[in-house]
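This report concerns only the one structure given below.
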Amino acid sequence: MNITKHAMIRYLSRIKKVPEIINEQTYDTWKRNNESIIKEAEAEIQNLFSSASFFTKGQFGNNKEADFYLLKSEMLIFVIQKDSILTCYEISYDIDHKGNKEIFKAYLRSLQRLENKQEELFNKNKQEKTELTNEITNLNIKIEELKTKIKYFEETKELLNQQIKLLTLTEEEISEQIHNAKDRIIRSKIVH
153 MNITKHAMIR YLSRIKKVPE IINEQTYDTW KRNNESIIKE AEAEIQNLFS
203 SASFFTKGQF GNNKEADFYL LKSEMLIFVI QKDSILTCYE ISYDIDHKGN
253 KEIFKAYLRS LQRLENKQEE LFNKNKQEKT ELTNEITNLN IKIEELKTKI
303 KYFEETKELL NQQIKLLTLT EEEISEQIHN AKDRIIRSKI VH
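Its first residue numbered 153, the sequence shown is counted upward by one per residue in the numbering used here.
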């Protein structure tokens with residue numbers, strides 16, 4: 153895992169509390185005289201990171217999405233993007249170490265309760281979703297059955313309409329025959 157310059161500066165200035173490192177320029181000056189400490193710090197960061205666990209994904213500064221790793225025992229966060237440690241920092245609530253630790257543990261307990269609640273909800277919902285999906289499947293089967301019945305009824309209705317048309321045609325035919333018969337009678341020549 154690559155360690156960015158920013159991550160090294162943060163580690164040395166905020167975690168190792170090297171007083172000479174205030175910014176990038178002071179780091180560059182300090183680094184020239186302390187290469188062995190830099191090598192040790194790189195090994196320490198790698199070692200600490202190897203014990204950290206993936207915590208979450210999120211936006212980090214102007215960077216794109218990054219992975220956040222948490223080392224609970226040291227209350228450290230590592231921000232990772234691709235194969236690089238972008239930065240690392242101690243979790244701090246701007247109080248003394250003991251207070252920070254208590255608040256951190258309280259937040260972790262709260263997070264654990266929420267994750268447990270989420271898992272319970274997912275398990276409960278999983279069962280309910282399965283039941284609802286089965287109900288939807290049954291309704292789809294009934295819908296298909298009803299579509300088949302509707303098609304049958306529409307075809308039967310069409311046949312009945314055709315029979316009505318046939319009956320109407322036979323009525324019209326006999327009416328036409330009657331009309332023609334009457335017409336022949338009234339148009340016949342009167343014999344004197």
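Glycine included, C-beta positions come from ideal geometry on N, C-alpha and C.
- Taking a C-beta distance under 8 Å as the contact criterion, Ile161 and Ile173 qualify as a contact pair.
- Annotation: Leu223 to Ala258 spans about 16 Å, alpha carbon to alpha carbon.
- Assignment of beta-bridge partners to Phe220 by DSSP yields Thr208, Val231.
- 8 Å or more divides the Cβ of Leu238 from the Cβ of Phe220.
- Taking C-alpha positions only, Val231 is separated from Gln270 by approximately 25 Å.
- The alpha-carbon separation between Gly210 and Glu217 amounts to approximately 5 Å.
- Here DSSP, grouped into helix, strand and coil, assigns Tyr241 to strand.
- Within the same chain, Cβ atoms closer than 7 Å to the Cβ of Glu226 are found at Leu200, the five residues on either side in sequence being excluded.
- For Gly251, the uninterrupted alpha helix (DSSP H) run begins and ends at 249 to 339, by DSSP.
- Counting only the Cα atoms, Asn313 lies some 16 Å from Glu324.
- Cβ neighbours of Met153 within its own chain (closer than 8 Å, five residues either side excluded): Gln198, Phe201, Ile232, Asp235, Ser236, Ile237.
- Under DSSP, Ser203 takes part in no beta bridge, so it has no partner.
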